[in-house]
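**Student:**
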Amino acid sequence: MNYGELLSSFLVDLQSVYRSNINIEGASFPQVLAISIIPDDGIEMSALSKKIGIDNSTATRLVMGLEKKGW
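Going by the UniProt record's numbering, the letters in the sequence shown line up with residues 1 to 71, in that order.
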């Protein structure tokens with residue numbers, strides 16, 4: 001198993017744990033991940049997107065969704 005497959009498998013397992021144990025009503029797994037990564041004093045969108053492994057535009061939509069929900 002290569003690194004990419006191992007990481008993909010880990011993320012699938014992590015999502016499974018989230019769905020069964022950490023379910024925060026109204027928040028998706030990526031949103032919970034972002035909430036756990038963003039420090040109290042904030043983070044640049046590019047840094048957040050790198051840490052999560054998504055595009056800047058996707059991170060922007062993710063954060064906008066959190067803001068709409070009052071996070």
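A virtual CB, placed ideally from N, CA and C, is assigned to each residue, including glycine. As the structure is a computational prediction, the values presented were derived from the model and not from experiment.
Compute every distance between the C-beta of Ser-28 and the non-hydrogen atoms of the ligand GTP, then say whether any falls below 7 Å.
**Tutor:** Although the ligand GTP was asked about, the structure shown includes no ligands whatsoever.
**Student:** Write down the C-beta distance between Ile-37 and Lys-51 rounded to the nearest angstrom, noting that I regard them as a contact closer than 8 Å.
**Tutor:** Correct: roughly 5 Å between the Cβ atoms.
**Student:** So, with DSSP's three-state summary, where would you put Ser-28?
**Tutor:** Coil, per DSSP.
**Student:** Could you tell me the distance, in whole angstroms, from the CA atom of residue 85 to the CA atom of Asn-2?
**Tutor:** Limits of the chain in this structure are 1 at one end and 71 at the other, which puts residue 85 out of reach.
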